[in-house]
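As structure tokens, the structure follows; a few thoughts come after it.
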Amino acid sequence: MARYILLIVCLSLGLFATGCQNKPTANPDPAYELQQSQAQPIATPIPTSTGDQPIVITELSPNDAAALSDGMLDDNPTNAVTVQPKPTKPQVVVIEPDVSHTTPMTSVAQPQIDGSVRAAKGPSDTVMAKRVAQAHGGWHWTRSRSLQTDIKLSFGGKVRLTGTLLTDRAGGKVRLTLTDGTVLVYDGNQVWMSPPDANVARPRFDALTWSYFLVAPFKLNDAGSHLQNLGTLPFMGDRQLAAGKLTFGQGVGDTPDDWYVIYVDPQTRWLRGMAYIVTYGKDVSTAESNPHAITYDNYVKLAGVILPRTWTFWNWSLDKGVIGQPIGSATLSNMQMVYPAANSFIKPENSVLCEAPQ
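Spelled out as structure tokens, the structure:
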């Protein structure tokens, strides 16, 4: 009898122990899942539901564009964009430029962007900046670590730069590894070049400029940045887009006197281009006499983030938009979200400090 009692007690204890085991509980919050995946940093690409390949985005209808902006497009392994069933009352039904606080195009005098009005006036248009970031997958971007891409940059029919560009989302740090072995690193404060005698004419410019163009949709609302809505302006040929003037406070970056005119598609809210001046190593009047523009094409969706893989450079004027034939181009490939190596954004061995322009 005692043996039967002992057997029953043992079985009861075994069942109790089994029932008390910790079971993994589903957490619907993607931020929680990402936090858990980051507990042990890795050096390989961050896996996504589409594997390691980005989803190529072609032309979208306005309804699909609205769904994309609302995050209702589903990643799928066929490299196609599919739209999930839309709710009866989606948050955004039609994406149109917000003109409630702007002057209609017909009554807007073409602004003269020169030294007299370089500082934008009026409140910064944070709504416009946030909508652009959201349309490019801002929620996913804020939960990413680093973006890496191969880049081939050409001007005047000659290759200007080829290499791999790695940029850190949180701190804006940059690592540019050129195909000849030269490494440029922006550690958040300084730019370093290795080896010290590398044949790079403007290493600090290269380290900071191309990474900014890469993630520009998420930079419009940075501290010290000021975005002024310009209404609608000519972009390319007969095409007109919503536009804004981006300026910077004193002490922001190496060249706070730079300015941009951004162009935003009214349906998708994607950043389609930016006019700009380069005051790096020159005075403002000289820079403003030779403005240029970059246009973006061949958008892809990677881990929820939407970015272009083709850049084209042009001459530019405010009243016409881009002018003439392209003067340069950049092709991005092997774009992926990654966990960077621990030494990616620190001073490389055998390197020299690259001073800011005076």
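The letter at position 247 of the sequence shown is residue 247 when you use our numbering, and the numbering goes up by one with no holes. By construction, the Cβ of each residue, glycine as well, lies at the ideal position given by its N, Cα and C atoms.
Using alpha carbons as the reference points, say which of the options lies closest to residue i.
| i | options | result |
| --- | --- | --- |
| Ser154 | Val278, Lys301 and Thr312 | Thr312 |
| Val278 | Pro357, Leu227, Gly138 and Trp192 | Pro357 |
| Leu332 | Gly224, Ser211, Gly181 and Gly304 | Ser211 |
| Ile327 | Asp180, Trp141, Ala135 and Ala293 | Ala293 |
| Ala303 | Arg143, Val132, Ala133 and Met128 | Arg143 |
| Asn229 | Tyr260, Arg202 and Pro203 | Tyr260 |
| Leu166 | Gly224, Val159 and Val174 | Val174 |
| Trp141 | Trp316, Ala342, Ile306 and Asn334 | Ile306 |
| Asp257 | Gly244, Ser285 and Met128 | Ser285 |
Could you compute how far the alpha carbon of residue i sits from the alpha carbon of residue j?
| i | j | result |
| --- | --- | --- |
| Lys152 | Arg239 | 28 Å |
| Gln325 | Glu349 | 42 Å |
| Ala330 | Phe213 | 11 Å |
| Thr162 | Leu178 | 6 Å |
| Thr149 | Asp168 | 12 Å |
| Gln267 | Ser344 | 38 Å |
| Val338 | Gln190 | 23 Å |
| Ser146 | Leu318 | 34 Å |
| Val117 | Gly321 | In this prediction, Val117 scores a pLDDT of 33, lower than 50, which makes its location untrustworthy; no coordinate-derived value is stated. |
| Asn290 | Tyr276 | 9 Å |
| Thr247 | Thr209 | 15 Å |
| Gly157 | Thr310 | 16 Å |
| Gly231 | Gln134 | 20 Å |
| Gly249 | Ala223 | 9 Å |
| Gly244 | Leu233 | 9 Å |
| Ala170 | Gly137 | 16 Å |
I'd like the list of long-range same chain contacts for residue i, defined as Cβ closer than 8 Å, with 5 residues on each side in sequence excluded.
| i | result |
| --- | --- |
| Ser351 | Val183, Val185, Trp192, Met193, Ser194, Pro195 and Pro196 |
| Thr126 | Asn221 and Leu227 |
| Arg272 | Phe235, Leu241, Tyr263, Val264, Asp265, Thr295 and Tyr296 |
| Ile346 | Val185 and Asp187 |
| Ile323 | Trp314, Asn315, Trp316 and Ser317 |
Please work out which residues of its chain come closer than 6 Å, Cβ to Cβ, to residue i, disregarding the five sequence neighbours upstream and downstream, and give them in chain order.
| i | result |
| --- | --- |
| Arg204 | Val191 and Cys354 |
| Ala207 | Val174, Leu176, Leu184, Tyr186 and Val191 |
Quick one: what's got a C-beta closer than 7 Å to residue i's C-beta in the same chain, skipping five residues either side?
| i | result |
| --- | --- |
| Ala287 | Ile277, Val278 and Thr279 |
| Val132 | Pro217, Leu220, Val264, Arg269 and Leu271 |
If we require 3 or more residues per run, which beta strand (DSSP E) segments fall completely within the region 152-238? 158-168, 174-178, 183-186, 191-194 and 225-236
Could you give the uninterrupted runs of the alpha helix (DSSP H) lying entirely in the region 272-337, keeping only those of 4 residues or more? 284-288
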